[in-house]
Amino acid sequence: MCRLQKSYRLGRDIFGVTFLAPEIAIRANPGQFVMINYPALYGFMLPRPFSVGKADPVSGEITLIVKVIGRGTEILVHSDPGSKWGILGPLGKGFPDLYPDSLLVAGGMGVVPILFLAGSSRKPCRMIFGARTASELFSLPHELTRSGLTIIETTEDGTRGIKGTTVDIMKQLIPEVGSIYACGPRDMLAAVDKIALQAGVKGWLALEELMACGVGACLGCVVATGEGYKRVCQDGPVFEVGEVVFDDCSRS
Numbered sequence: 327m328c329r330l331q332k333s334y335r336l337g338r339d340i341f342g343v344t345f346l347a348p349e350i351a352i353r354a355n356p357g358q359f360v361m362i363n364y365p366a367l368y369g370f371m372l373p374r375p376f377s378v379g380k381a382d383p384v385s386g387e388i389t390l391i392v393k394v395i396g397r398g399t400e401i402l403v404h405s406d407p408g409s410k411w412g413i414l415g416p417l418g419k420g421f422p423d424l425y426p427d428s429l430l431v432a433g434g435m436g437v438v439p440i441l442f443l444a445g446s447s448r449k450p451c452r453m454i455f456g457a458r459t460a461s462e463l464f465s466l467p468h469e470l471t472r473s474g475l476t477i478i479e480t481t482e483d484g485t486r487g488i489k490g491t492t493v494d495i496m497k498q499l500i501p502e503v504g505s506i507y508a509c510g511p512r513d514m515l516a517a518v519d520k521i522a523l524q525a526g527v528k529g530w531l532a533l534e535e536l537m538a539c540g541v542g543a544c545l546g547c548v549v550a551t552g553e554g555y556k557r558v559c560q561d562g563p564v565f566e567v568g569e570v571v572f573d574d575c576s577r578s
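Counting from 327, one number per residue, gives the positions in the sequence shown under this note's numbering.
This is the structure we're talking about:
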């Protein structure tokens with residue numbers, strides 16, 4: 327069991343949630359996730375997956391960024407400090423270390439593993455952080471950012487940052503990029519994958535999928551790849567550019 331340390335608001339419906347989880351904090355890598363089991367008193371049968379935003383092996387703490395989308399996440403972000411939660415992890419395959427001249431691309435809540443990746447390296451890099459509108463482009467907590475990280479904000483309606491999408495900005499920067507690391511909605515990742523392949527730039531994509539078990543048993547998160555179907559929870563969630571078949575009809 328892991329103790330909830332604190333929960334704090336980052337945006338209208340976005341919260342940072344920190345747990346004391348020493349064994350996870352020591353082993354977690356950027357791109358990996360945890361499965362949270364709700365206390366029995368709330369009546370939830372299945373655990374929920376959350377990307378790790380930071381893991382501090384010294385303090386033994388891990389930080390998640392949670393968007394309130396239903397009763398479960400509402401309970402989580404408003405639970406009392408000191409409450410005990412069952413957390414399984416770290417799970418899945420994470421990102422490789424940052425290469426020089428890296429570009430990080432984050433759409434919406436896809437920023438969580440990207441922040442962990444950026445914070446785990448001292449290499450200078452740029453990150454595009456995009457959303458549909460300003461209310462979805464929440465303030466990034468200072469403990470998850472660092473010097474040497476240049477953040478380019480973009481919104482589709484122009485209410486904050488540059489008007490446009492993460493893909494629009496990526497197209498402009500791709501001639502200067504040595505490698506790509508991305509996480510966000512499926513359509514965004516499909517576009518990132520295509521642009522990187524056309525430009526001959528190596529890259530890695532962290533997929534966002536619904537998961538019931540998190541350990542590859544239920545086969546509820548399979549995606550098509552050039553080598554057949556793979557499980558996002560176990561074979562991913564990080565895949566190389568060109569590995570996932572994004573136009574697979576069964577996932578549309």
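Each residue gets a CB set at the ideal place from its N, CA and C atoms; glycine is no exception.
Cα-Cα separation, residue i to residue j
| i | j | result |
| --- | --- | --- |
| residue 326 | residue 493 | The chain is shown from 327 up to 578; residue 326 falls before or after that span and cannot be answered. |
| residue 453 | residue 570 | 23 Å |
| residue 300 | residue 363 | Residue 300 falls outside the range modelled here, since the chain spans only 327 to 578, and no answer is possible. |
| residue 515 | residue 469 | 26 Å |
| residue 330 | residue 567 | 36 Å |
| residue 345 | residue 401 | 15 Å |
| residue 428 | residue 421 | 13 Å |
| residue 418 | residue 354 | 10 Å |
| residue 540 | residue 435 | 19 Å |
| residue 517 | residue 491 | 11 Å |
| residue 392 | residue 357 | 15 Å |
| residue 291 | residue 365 | Residue numbering for the chain in the displayed model covers 327 to 578; residue 291 lies beyond these limits and cannot be assessed. |
Assumed close pair residue i, residue j - CB separation to whole angstroms, cut-off 8 Å
| i | j | result |
| --- | --- | --- |
| residue 529 | residue 522 | 4 Å |
| residue 448 | residue 474 | 7 Å |
| residue 338 | residue 461 | 5 Å |
Segment limits, beta strand (DSSP E) that includes residue i
| i | result |
| --- | --- |
| residue 512 | Here residue 512 belongs to no beta strand (DSSP E); instead the alpha helix (DSSP H) covers 512–525. |
| residue 479 | 475–481 |
| residue 561 | Careful: residue 561 lies outside any beta strand (DSSP E), inside the alpha helix (DSSP H) at 558–561. |
| residue 432 | 428–433 |
| residue 448 | Note, residue 448: premise wrong, no beta strand (DSSP E); not H, not E. |
Host alpha helix (DSSP H) of residue i (start-end)
| i | result |
| --- | --- |
| residue 496 | 492–499 |
| residue 397 | 397–403 |
| residue 348 | 348–353 |
Under the three-state DSSP convention, the category residue i falls into
| i | result |
| --- | --- |
| residue 459 | coil |
| residue 331 | strand |
| residue 529 | strand |
| residue 576 | With a pLDDT of 39 at residue 576, under the threshold of 50, the modelled position of this residue cannot be trusted; read the value that follows with caution. Looking at residue 576 - three-state DSSP - the assignment turns out to be helix. |
| residue 442 | helix |
| residue 470 | helix |
| residue 418 | coil |
| residue 564 | strand |
| residue 569 | coil |
| residue 394 | coil |
Test: residue i CB closer than 9 Å to a CB of chain D
| i | result |
| --- | --- |
| residue 549 | Absence of chain D from the displayed structure is noted, only one protein chain being present. |
* To do: Kindly confirm or deny that the segment 464–478 and the segment 435–445 touch, where touching means at least three C-beta pairs closer than 8 Å.
  => yes
* Are at least three pairs of beta-carbons, each pair with one atom in the segment 344–356 and one in the segment 381–390, less than 8 Å apart? -> yes
* For the segment 533–551 against the segment 493–512, are there 3 or more C-beta pairs whose distance is under 8 Å? -> yes
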